[in-house]
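One structure is given below, encoded as structure tokens.
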Amino acid sequence: MFSIGQGSVVARLTKVGKESYINQLTSKAKVIKDKKSEMIKDIERIIRVAGILIIPVGGLLLYQSIYVNHLDFAEAVPPMVGAVIGMIPEGMYLLATIALALSAARLAKIKVLLHDMRSIETLARINVLCVDKTGTITESKMSVSNVVKLHEKY
Numbered sequence: 003m004f005s006i007g008q009g010s011v012v013a014r015l016t017k018v019g020k021e022s023y024i025n026q027l028t029s030k031a032k033v034i035k036d037k038k039s040e041m042i043k044d045i046e047r048i049i050r051v052a053g054i055l056i057i058p059v060g061g062l063l064l065y066q067s068i069y070v071n072h073l074d075f076a077e078a079v080p081p082m083v084g085a086v087i088g089m090i091p092e093g094m095y096l097l098a099t100i101a102l103a104l105s106a107a108r109l110a111k112i113k114v115l116l117h118d119m120r121s122i123e124t125l126a127r128i129n130v131l132c133v134d135k136t137g138t139i140t141e142s143k144m145s146v147s148n149v150v151k152l153h154e155k156y
């Protein structure tokens with residue numbers, strides 16, 4: 003029998019240990035832990051596309067320097083290389099890291115403990131977070147499977 007606030011309840015646990023919901027949730031979270039976050043995947047995709055697009059742009063710049071501006075090959079290559087290097091999105095990882103660090107600092111100010119940096123991205127994608135009175139993350143649905151009337155002494 004458990005006392006909760008001003009009332010009390012008698013409960014029978016149907017699943018414990020490895021069969022419990024929280025243990026299943028934890029094992030799913032461990033599987034997800036090994037995967038890359040969506041934000042990192044998106045950044046890598048942008049860099050991959052930009053890297054592929056840079057090659058034909060470099061060719062066009064070289065063509066323009068040689069055939070339109072009438073420069074020889076030795077004079078046309080340095081400005082083309084400078085332009086192409088400027089197109090490489092090097093700062094995207096730095097920008098993402100700074101954004102995650104600032105988010106972690108904001109959460110730390112309100113005493114939120116993060117497990118890892120991907121937690122920030124997960125928190126940004128949710129609308130409602132259900133927790134029980136101990137702070138454990140729970141599901142948004144609860145149900146009563148059986149009600150047993152007890153004697154008056156309880």
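So the sequence shown is numbered by my numbering: it starts at 3 and just counts up by one. For glycine and all other residues, C-beta sits at the position ideal for the given N, C-alpha and C.
Residue span of the alpha helix (DSSP H) that contains residue 121, given as start and end: Taking the first residue of the sequence shown as position 1, residue 121 is located at position 119. Unbroken alpha helix (DSSP H) run through residue 121: 120–126.
Same chain only: Cβ atoms within 7 angstroms of residue 81, ignoring 5 sequence neighbours per side: For the purposes of this step, residue 81 is identified with residue 79 of the sequence shown, where counting begins at 1. Closer than 7 angstroms at Cβ, skipping near neighbours: 67.
Neighbour-count burial assignment, residue 156, 16 or more Cβ in a 10 Å radius: Within the sequence shown, the letter at position 154 stands for residue 156. Reliability of the predicted coordinates at residue 156 is poor, the pLDDT of 49 falling under 50, and no value is obtained from them.
Separation of residue 52 from residue 91, as counted between CA atoms: As a first step, residue 91 must be located in the sequence shown, where it is residue number 89. As a first step, residue 52 must be located in the sequence shown, where it is residue number 50. Distance between the alpha carbons of residue 91 and residue 52: 8 angstroms.
C-alpha distance - residue 96 paired with residue 119, whole-angstrom precision: Taking the sequence shown and counting its residues from 1, the one referred to as residue 96 is at position 94. Taking the sequence shown and counting its residues from 1, the one referred to as residue 119 is at position 117. Residue 96 and residue 119: Cα-Cα distance of roughly 14 angstroms.
Host alpha helix (DSSP H) of residue 46 (start-end): Sequence index remark: in the sequence shown, residue 46 carries index 44 (1-based). Residues 40–65.
Inter-residue CB distance, residue 89 and residue 56 (contact presumed, cutoff 8 angstroms): Walking along the sequence shown from the start, residue 89 turns up at place 87. Walking along the sequence shown from the start, residue 56 turns up at place 54. Correct: roughly 5 angstroms between the Cβ atoms.
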